[in-house]
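Colleague:
Numbering (my numbering), first residue to last: 29 to 245.
Given below as structure tokens:
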């Protein structure tokens, strides 16, 4: 979520994928958007909901550089996302592998903004018509609902029927993100962490890998 060191706030962002996809990402030296991934057949394992991904190809991003959400590499502002819960609960018809093989690739909004990559961010689920998009990082603390991001339970309530949409706010990097922009990788358990470390070692990389069981259900 938000970490503060000195006078600078760091807004961590999280992209999850199957560990089976890491070798191709490392070979590319970057994380590619879904449009590129689908066109080039880069995914070994598709953990996402294909119906939702189809919807993301039909929604327009109304700010520069425009396009649709599928044209961007998506990062959440918190782990334990609603999509991860769907996966854990077996509600993704085309994927049955559960949480354990999924790893979180971590960066920060500030780190990405310091690169040459173009990015935008949203105040909620990009497949929802209520969601707005922003391009000024100085507005992020007012746009993103950090109380909902910090909450262990983020489901909608009778008093607030919009919590789940806001929990799914995203930081979107246009087309691709270079691997060097990552801060580290979080895994479900030590077995998966060792597997990730070996994949990184084979690729000549050494990003920190940590078991973060609290990022999963």
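Note that beta-carbon positions come from the ideal geometry of N, C-alpha and C, so glycine has one too.
Please report the distance separating the alpha-carbon of residue 30 from that of residue 103.
Modeller: Within the chain shown, the letter at position 2 stands for residue 30. Within the chain shown, the letter at position 75 stands for residue 103. With a pLDDT of 47 at residue 30, under the threshold of 50, the modelled position of this residue cannot be trusted; read the value that follows with caution. Computed Cα separation, rounded: 14 Å.
Colleague: Go ahead and pull the three-state DSSP assignment for residue 87.
Modeller: The residue you call residue 87 lines up with position 59 of the chain shown. Reduced to three states, the DSSP call for residue 87 is coil.
Colleague: Sorted by chain position, which residues of the same chain lie with C-beta nearer than 6 Å to residue 197's C-beta, five sequence neighbours on each side aside?
Modeller: What you label residue 197 is simply residue 169 of the chain shown in a count that begins at 1. Hits under 6 Å: 105, 150, 151, 152 and 172.
Colleague: What span of residues does the beta strand (DSSP E) with residue 238 cover, start to end?
Modeller: For the purposes of this step, residue 238 is taken as residue 210 along the chain shown, with counting starting at 1. Looking at the DSSP string, the run of the beta strand (DSSP E) that includes residue 238 is 237-239.
Colleague: Between the alpha carbons of residue 248 and residue 46, how many angstroms are there, rounded?
Modeller: There is no way to answer for residue 248, as the model of the chain reaches only from 29 to 245.
Colleague: Report the rounded CA-to-CA distance for residue 56 versus residue 157, giving the unit in angstroms.
Modeller: On the chain shown, residue 56 is found 28 positions in, with the first residue counted as 1. On the chain shown, residue 157 is found 129 positions in, with the first residue counted as 1. Computed Cα separation, rounded: 33 Å.
Colleague: Can you tell me the Cβ-Cβ gap for residue 200 and residue 100, rounded? I've got them flagged as a contact below 8 Å.
Modeller: For the purposes of this step, residue 200 is identified with residue 172 of the chain shown, where counting begins at 1. For the purposes of this step, residue 100 is identified with residue 72 of the chain shown, where counting begins at 1. About 4 Å separates the two Cβ atoms, so the contact holds.
Colleague: With DSSP as the reference, label residue 130 as helix, strand or coil.
Modeller: In the chain shown, residue 130 corresponds to position 102, counting from 1. Correct three-state label for residue 130: strand.
Colleague: Check residue 148 in the structure and name its three-state DSSP category.
Modeller: Mapped onto the chain shown, residue 148 falls at position 120. Reduced to three states, the DSSP call for residue 148 is strand.
Colleague: Please tell me whether, using a cut-off of 7 Å, the distance from the CB of residue 182 to the nearest non-hydrogen atom of the ligand FAD is below it.
Modeller: Ligands displayed in this structure: none; no statement on the ligand FAD is therefore possible.
Colleague: Between the C-alpha atoms of residue 9 and residue 205, what's the straight-line distance to the nearest angstrom?
Modeller: Any property of residue 9 remains undetermined from this structure, which presents the chain solely from 29 to 245.
Colleague: Just verifying my parser: in three-state terms, what is the DSSP assignment at residue 163?
Modeller: By 1-based counting over the chain shown, the position of residue 163 is 135. Reduced to three states, the DSSP call for residue 163 is coil.
Colleague: Near residue 176, which residues of its chain fall below 7 Å by C-beta distance, leaving aside the five closest residues on each side in sequence?
Modeller: Counted from its first residue, the chain shown places residue 176 at position 148. If we look at residue 176 and ignore the five residues flanking it on each side, its Cβ neighbours are 182, 191, 194 and 195.
Colleague: How is the beta strand (DSSP E) around residue 119 delimited, first residue to last?
Modeller: As a working mapping, residue 119 is identified with position 91 in the chain shown. Residue 119 -> no beta strand (DSSP E), and no H or E assigned at all.
Colleague: Quick check on residue 108: does DSSP put it in helix, strand or coil?
Modeller: Within the chain shown, the letter at position 80 stands for residue 108. The answer is coil: DSSP assigns residue 108 none of H, G, I, E or B.
Colleague: State the Cα-Cα distance for the pair residue 64 and residue 49, rounded to the nearest angstrom.
Modeller: On the chain shown, position 36 is the one that residue 64 refers to. On the chain shown, position 21 is the one that residue 49 refers to. Going from the Cα of residue 64 to the Cα of residue 49 covers about 14 Å.
Colleague: In the structure shown, what three-state DSSP assignment does residue 101 receive?
Modeller: Taking the first residue of the chain shown as position 1, residue 101 is located at position 73. Three-state DSSP puts residue 101 in a strand.
Colleague: Below 6 Å CB to CB, which residues in the same chain sit around residue 221 once its five sequence neighbours on both sides are set aside?
Modeller: Sequence index remark: in the chain shown, residue 221 carries index 193 (1-based). Here the set comprises 215, 237 and 239.
Colleague: Can you grab the Cα-Cα spacing for the pair residue 229 / residue 108, in whole Å?
Modeller: On the chain shown, position 201 is the one that residue 229 refers to. On the chain shown, position 80 is the one that residue 108 refers to. Roughly 27 Å separates the two Cα atoms.
Colleague: Are residue 140 and residue 209 touching if we call contact CB-CB under 8 Å?
Modeller: Along the chain shown, read from residue 1 onward, the residue named residue 140 stands at position 112. Along the chain shown, read from residue 1 onward, the residue named residue 209 stands at position 181. Contact: yes.
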